Amino acid sequence: MTPVPAGQARSTSSATVVLTDSAPAAPPLIRVAAGILRDPAGRILIAQRPAGGHVGGFWEFPGGKLNPDEAPGQALVRELQEELGITVEAATPFMTYRHEYPERVVELHVFLVERYSGEPRGVEGQPLRWVALAELPTAGLLEADQPIAVALGKEPAFTRLPVLSRW
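Under our numbering, the first residue of the sequence shown carries the number 31, and numbering increases by one thereafter.
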């Protein structure tokens, strides 16, 4: 049988086959900044994702997508203002990693929010919940955020962060 160049069809008795050189498209990369906030009791803030969206109903650390050409720290400040109504005054990078879903890859830039002003509230109507560090593994976190909970439990610096009654 004579080879057929890519992009051309070969007719067989039962079907037409089109050969192509192109590989399947890679899933899109979504860059996200997320913040770890603690209350005076040392509990950690999580927010529930909207029921109708991607992985809806699961809980996550607050944050959101980076805009094009936006640095992760800038996105953190903007997203926590938009979603929680707070102003981030000090935050430290904690970890960065990628999580692969079948339809997308999420790159998470996680920060420990050490100081903020304002009282966190669900500005966009999302439920919020304060949970103890030990409760994170059973809090219904989405799969992409579970490595954060594991890392927080192993991070001595996190357990030594001062818990202040007022930022």
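Idealized CB from N, CA, C, for every residue including glycine. Remember, predicted model here, so these are calculated numbers, not experimental data.
Of all the options the options, which has the alpha carbon lying nearest to the alpha carbon of residue i?
| i | options | result |
| --- | --- | --- |
| Gly86 | Leu182, Ile178, Leu163 and Pro157 | Pro157 |
| Tyr127 | Gly148, Gly115, Glu149 and Phe141 | Phe141 |
| Leu172 | Val118, Ala77 and Ala101 | Ala77 |
| Phe91 | Gly148, Ala164, Gly83 and Leu138 | Leu138 |
| Thr168 | Arg79, Trp89 and Asp69 | Trp89 |
Measure the alpha-carbon distance for residue i versus residue j and round it to whole angstroms.
| i | j | result |
| --- | --- | --- |
| Ala81 | Arg145 | 30 Å |
| Ile66 | Leu75 | 7 Å |
| Arg73 | Pro132 | 32 Å |
| Val193 | Pro54 | For Val193, the predicted model reports a pLDDT of 44, less than 50, meaning its position is unreliable; a value from the coordinates is still stated below. Cα to Cα, the separation comes out at about 49 Å. |
| Leu182 | Thr122 | 13 Å |
| Gly115 | Val143 | 14 Å |
| Leu163 | Phe124 | 16 Å |
| Val118 | Arg151 | 14 Å |
| Val107 | Asp99 | 15 Å |
| Pro70 | Trp160 | 11 Å |
| Glu149 | Gln111 | 11 Å |
| Lys95 | Leu59 | 11 Å |
| Leu166 | Ala179 | 6 Å |
Who does residue i pair with in a DSSP beta bridge?
| i | result |
| --- | --- |
| Thr126 | His139 |
| Val117 | The identity of residue 117 in the sequence shown is Thr, whereas the question assumes Val. In DSSP, Thr117 forms a bridge with Ser147. |
| Ile74 | Arg68 and Val161 |
| Gly82 | BP columns for Gly82 are empty, so no partner. |
| Val107 | Paired residues: none, contrary to the question. |
| Arg61 | Glu137 |
Does residue i come within less than 7 Å of chain C when only Cβ atoms are used?
| i | result |
| --- | --- |
| Ala179 | No chain C is present in this structure, which holds just one protein chain. |
Report the CB separation of residue i from residue j in whole angstroms; it is logged as a contact under 8 Å.
| i | j | result |
| --- | --- | --- |
| Val62 | Glu113 | About 12 Å; that fails the 8 Å criterion. |
| His129 | Ala64 | Contact doesn't hold; Cβ gap of about 12 Å is too wide. |
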